[in-house]
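In the numbering used here, the protein residues as written are 1 to 206.
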């Protein structure tokens, strides 16, 4: 009996080893895939971070607090954008930033028009739209303000916040839009300094 069970035990041990190896390989493959999808921060991100403001975003009532201190540029996100560049000219990331700036200016015009019309659903939609675009580049102050606008336009104070009246929403959005534009102007200056351009779409002359 003992001799017949030995091969079976050996076979079981081998199967377990193979199974373990498959799990191990699966984890390695996943790690490789994640490393490709989520590039590591640039080695220069530490130096770049000193040029951006340092306060960390705070959360309130289920969403970003528009009154909390927020960095001009989220360096973790922006450094990942820089990792997409082929060389130090940053040509690829520059084109992304230029497209964003053009998009943001057009969106601000639409926001101002919607605010004049007291069109809260449109303000919420525009806030949601620009929140996503600014978050992708790490333009934090615009992202935080637009998130607040999105919820105010839905007559809420944050994702899980209390309901508000339309009149209060307009009163909140009016100064908020001005603050978002200020944050945009700060980010615009920081990014132009970083890329060495006087205006978007026009390289600085040497």
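All residues carry an ideal CB built from backbone N, CA and C; glycine is no exception.
Bear in mind the structure is a predicted one, so any value in this text is a computation, not a measurement.
Membership of residue 165 in any alpha helix (DSSP H) is not indicated, and neither H nor E is assigned to it by DSSP. Close CB contacts of residue 74 within its chain, under the 6 Å cut and outside five residues either way in sequence, are with 138, 140 (chain order). Rounded to the nearest whole angstrom, the CA to CA distance from residue 134 to residue 174 is 20 Å. Residue 72 carries a coil assignment under DSSP once its states are collapsed to helix, strand and coil.
For residue 198, no alpha helix (DSSP H) segment is defined; the enclosing uninterrupted segment is the beta strand (DSSP E) at 197–199. Residue 99: member of the alpha helix (DSSP H) spanning 91–116, first to last residue. Secondary structure at residue 157: coil, using DSSP grouped into helix, strand and coil. In this structure, DSSP gives residue 145 a helical state, which the three-state scheme calls helix.
Nearest to residue 129 by alpha-carbon distance, out of 117, 118, 153, is 153.
Following the DSSP letters along the chain, one finds residue 138 in no alpha helix (DSSP H), marked with neither H nor E. For the pair of segments examined, the segment 170–186 was found to touch the segment 106–118: the number of CB pairs separated by less than 8 Å reaches three.
Our two residues, residue 76 and residue 186, have alpha carbons roughly 18 Å apart in a direct line. Proximity of the segment 106–114 to the segment 82–98 falls short of the contact definition, fewer than three beta-carbon pairs being nearer than 8 Å. Residue 196 has its alpha-carbon roughly 12 Å from the corresponding atom of residue 188. In its chain, beyond the 5 residues on either side, 200 have a beta carbon closer than 6 Å to the beta carbon of residue 101. The beta carbon of residue 124 is closer than 6 Å to those of 150, 153, 154 in its chain, skipping five residues each way along the sequence.
The DSSP-derived three-state label of residue 87 is coil.
Between the alpha carbons of residue 143 and residue 198 lies a distance of about 24 Å.
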